[in-house]
Amino acid sequence: MSLYNDHVVPRLVNIACAPSFTEANRKRVCAGLSGRVVEIGFGSGLNVPYYPTTVESVSAVEPADLGWKLARSRIDDSPVRIERSGLDGQSLPFEDNTFDSALSTWTLCTIPDADAALREIRRVLAPGGTLHFVEHGLAPDENVRRWQHRLEPIQKRVAGGCHLTRQIADLVRGAGFEIRELDTFYEEKTPKFFGALSLGVATPTA
Ligand SMILES: C[S@@+](CC[C@H](N)C(=O)[O-])C[C@H]1O[C@@H](n2cnc3c(N)ncnc32)[C@H](O)[C@@H]1O
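With the first letter of the sequence shown counted as 1, position 44 gets the number 62 in our numbering; the numbers rise by one all the way through.
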């Protein structure tokens, strides 16, 4: 991690992903989480206020120390037990079948090997467990895609390795999940190249 990625990117994310832009989708994606939950790319804890009462505990996986510090007040205000339990979604320090639910929001764009992270989530989810995700990725429209391909090298540099062209549903299915619910749409108040969202729930295939 560079100084920029350690000290600037977590603050940028805390602002760019603030509830004024993302609240409706955070509420939607968190609905139905239950029991023991693992959240990868926990960031500054922007999902914490939206955990439903059915959540018992959250194991947060986040490499950025500053993200964790920025999350402090949200964690303190939450009735849910939240622990920083890992640093890398690509290699989770948990036994197989540990969790009832998993959560990933605006994170599969940034993790270097998103397929590895999804396979790790699949491994640590108990049978019948659910992965809840909202992620930005490759747009459905060709004219937007062209801009995404042009802008991706810059986006990766300024936004901590964030990709614009990942095919989220394909990644989820490819890692051994069946997608039970999926909504793809452009996020309001967001440029289309950055706001092509996939919001859904998936379960491990048998
Ligand atoms: C765009 S931010 C989203 C943060 C948060 N999920 C949210 O919705 O506000 C992406 C997050 O992924 C984290 N991240 C980057 N590499 C990671 C990895 N290998 N494993 C887990 N998280 C990672 C970053 O530190 C950052 O907090």
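Cβ atoms here follow ideal geometry from the backbone N, Cα and C, with glycine treated the same way.
The C-alpha of residue 72 is placed about 31 Å away from the C-alpha of residue 130. Excluding sequence positions up to five before and after residue 180, its CB lies within less than 8 Å of the CB of 127, 128, 173 and 174, all in the same chain and listed in chain order. Residue 170 is not bridged by DSSP to any residue. Checking the DSSP bridge columns, you'll see residue 215 partnered with 154 and 203.
Counted as a single uninterrupted DSSP element, the beta strand (DSSP E) harbouring residue 77 occupies residues 73-79. When the beta-carbon positions are compared, residue 80 and residue 109 stay at least 8 Å from each other. Residue 29 is not bridged by DSSP to any residue. A distance of 8 Å or more separates the beta carbons of residue 119 and residue 151. Around the C-beta of residue 209, fewer than 16 other C-beta atoms lie within 10 Å, and the residue is accordingly described as exposed.
The shortest C-alpha to C-alpha distance from residue 171 to any of 183, 204, 162 and 160 is the one to 183. Residue 91 sits in a helix when the DSSP states are folded into three classes. For residue 86, the distance from the CB to the nearest heavy atom of ligand 1 is not below 7 Å.
The three-state reading of DSSP puts residue 106 in coil, since its state is none of H, G, I, E or B.
In the same chain as residue 140, and ignoring 5 residues on each side of it, the C-beta atoms closer than 7 Å to its own belong to 193, 194, 195 and 222, in chain order. For residue 197 against residue 153, the beta-carbon gap comes to about 12 Å, at or over 8 Å, which does not count as contact.
Contact between residue 111 and residue 104 holds: CB atoms are separated by about 5 Å, below the 8 Å threshold. A direct Cα-to-Cα measurement between residue 66 and residue 144 gives close to 22 Å. Nearest to residue 74 by alpha-carbon distance, out of 60, 89, 50 and 61, is 50. Using a Cβ distance threshold of 8 Å, residue 220 and residue 156 do not count as a contacting pair. Considering only 68, 82 and 20, the residue with the shortest C-alpha distance to residue 37 is 68.
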